[in-house]
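Participant:
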Amino acid sequence: MTPLRLAVFPTERQALYESGHYSPAIRSNGFLFVSGQVGSREDGSPEPELEQQIRLAFENLNTVLAAAGCSFAHVLDVTLFLVNPEANLETLWKVLPDYWGDAPYPALTGVGVPWLSDFQFEIKVVAQLPEQA
3 MTPLRLAVFP TERQALYESG HYSPAIRSNG FLFVSGQVGS REDGSPEPEL
53 EQQIRLAFEN LNTVLAAAGC SFAHVLDVTL FLVNPEANLE TLWKVLPDYW
103 GDAPYPALTG VGVPWLSDFQ FEIKVVAQLP EQA
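Each residue of the sequence shown is one higher than the one before, counting from 3 in my numbering.
1) Measure the alpha-carbon distance for P116 versus E61 and round it to whole angstroms.
2) Using a 10 Å radius around the Cβ and a threshold of 16 neighbouring Cβ atoms, would you call V36 buried or exposed?
3) Under 9 Å, do A59 and E124 count as touching if we go by C-beta distance?
4) For A129, count the other beta carbons within 10 Å of its own beta carbon; 16 or more makes it buried, fewer makes it exposed. Which is it?
5) Could you pull out every residue in the same chain whose Cβ sits closer than 7 Å to the Cβ of P132, ignoring the five residues on either side in sequence?
6) Using three-state DSSP, classify S47 as helix, strand or coil.
7) Any idea which residues DSSP pairs F123 with across the strands?
8) Between the region 32–46 and the region 94–114, do three or more beta carbon pairs fall short of 8 Å?
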């Protein structure tokens with residue numbers, strides 16, 4: 003019997019996830035559930051500039067997706083968290099096309115939040131595993 007949850011760990015950042023006591027992603031029933039990814043450097047500290055922080059969050063996301071044999075093309079659902087969206091949404095829309103790919107786009111939920119533990123942006127996704135596509 004296959005376990006309900008199979009953790010996916012990209013080797014480059016495994017220590018960071020172990021210190022946080024969570025899995026970067028879980029494979030289950032043909033889907034990949036990716037924990038929220040932020041624009042953190044290798045040591046876990048935030049990238050200070052917003053555009054670069056968003057880009058680094060996408061790069062961190064792509065690293066997790068790749069560890070599961072996926073790419074952003076497999077992403078079905080996206081939840082974005084953005085601190086101070088009134089001031090920061092334009093920067094997000096500037097960066098998004100560089101990572102989003104071609105239509106049809108994934109489903110999207112955007113949430114304005116007051117705090118993200120010293121970060122300004124977080125992205126969480128659900129993807130279909132390639133062997134299930």
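Cβ atoms here follow ideal geometry from the backbone N, Cα and C, with glycine treated the same way.
Facilitator: Looking at the atomic coordinates:
1) 24 Å
2) buried
3) yes
4) buried
5) G71, C72 and H76
6) coil
7) L84
8) no
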